[in-house]
Amino acid sequence: MKNIKIINHPVVQHFLTIMRDKNTDQPTFKSSLDKISYILAADIYSDLAVDVKPVTTPLKKMNGSRIKDKIVLLPILRAGLGLTKGFTDLFPEAITSHIGMYRDEESLKPVQYYFRFPKIKDKKDLNVIILDPMVATGGSVIFTIEYLLNMGIKKIKVASLLAAPEGITAINKRFGKIDKKFFSITTCSLDENLNSKGYIIPGLGDAGDRMFGT
Numbered sequence: 257m258k259n260i261k262i263i264n265h266p267v268v269q270h271f272l273t274i275m276r277d278k279n280t281d282q283p284t285f286k287s288s289l290d291k292i293s294y295i296l297a298a299d300i301y302s303d304l305a306v307d308v309k310p311v312t313t314p315l316k317k318m319n320g321s322r323i324k325d326k327i328v329l330l331p332i333l334r335a336g337l338g339l340t341k342g343f344t345d346l347f348p349e350a351i352t353s354h355i356g357m358y359r360d361e362e363s364l365k366p367v368q369y370y371f372r373f374p375k376i377k378d379k380k381d382l383n384v385i386i387l388d389p390m391v392a393t394g395g396s397v398i399f400t401i402e403y404l405l406n407m408g409i410k411k412i413k414v415a416s417l418l419a420a421p422e423g424i425t426a427i428n429k430r431f432g433k434i435d436k437k438f439f440s441i442t443t444c445s446l447d448e449n450l451n452s453k454g455y456i457i458p459g460l461g462d463a464g465d466r467m468f469g470t
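Anchor point for the sequence shown: position 69 equals 325 in the working numbering, and the numbering is continuous, going up by one each time.
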């Protein structure tokens, strides 16, 4: 599948297995997601643009590098909030925006109810990272990407915990022609399929409910 990267890191798979277990309690589920978010963030941040900057160490002058891109994290509420810790801890300069959506239980289509984004005039070096733990039908991600493209955003990344083939196929059908320098999807597992209710199989249940204990 185009523009998708799967992280097969053993630590990620260890904690993902804990999260999949139906007997895992809410605090353990949340802490496992936090740990995965650091590795996911490090991987996604690995190809950010940098500027060469001079720095003086206690011993001599040298050239170092500083991240050039302006980073905006865009968690899809509410489950997307669970991925923010690793991204913000590793790069505190990242701005956190929010988009709120829920999935209509009958049509399985996303319904937007909230959007908050920073007022940034120069979007040239803006890199928006959509945080969505469960890419199932792909509807929420597609809606969000289209919203961002209409705003003039050029660089978009999607970070997820699990994805279904149906969702990835739908996303690539719409955006697969975009160069991977400007669009990519990173997930920790590409699962088997979706069931009739739109849940990822084998999955881990409802990530938001298990994360917040509701």
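By construction, the Cβ of each residue, glycine as well, lies at the ideal position given by its N, Cα and C atoms.
Starting from Arg334, trace the beta strand (DSSP E) in both directions and tell me its first and last residue.
Taken as a continuous stretch (DSSP letters only), Arg334 belongs to no beta strand (DSSP E), as it is neither H nor E.
So, is Gly459 buried or exposed, given that buried needs 16 or more other C-beta atoms within 10 angstroms?
buried
Can you list, in chain order, the residues of its chain with a C-beta nearer than 7 angstroms to that of Pro366? Leave out the 5 residues immediately preceding and following it.
Met357, Arg359, Gly395, Ser396 and Phe399
Using only alpha-carbon positions, find the residue among Val268, Ser452 and Phe431 that is nearest to Val414.
Phe431
Rounded C-alpha distance that separates Leu330 from Leu450
25 angstroms
Scan the stretch 403 to 460 and note each continuous beta strand (DSSP E) run of 3 residues or more that stays entirely inside, going in chain order.
411 to 415 and 439 to 443
Could you tell me whether the stretch 317 to 335 touches the stretch 343 to 354, where touching means 3 or more Cβ pairs closer than 8 angstroms?
yes
Expressed to the nearest angstrom, what Euclidean distance is found between the alpha-carbon atoms of Ala298 and Glu361?
34 angstroms
Same chain, Cβ closer than 6 angstroms to Asp307, five either side skipped, listed in chain order
Arg322 and Lys324
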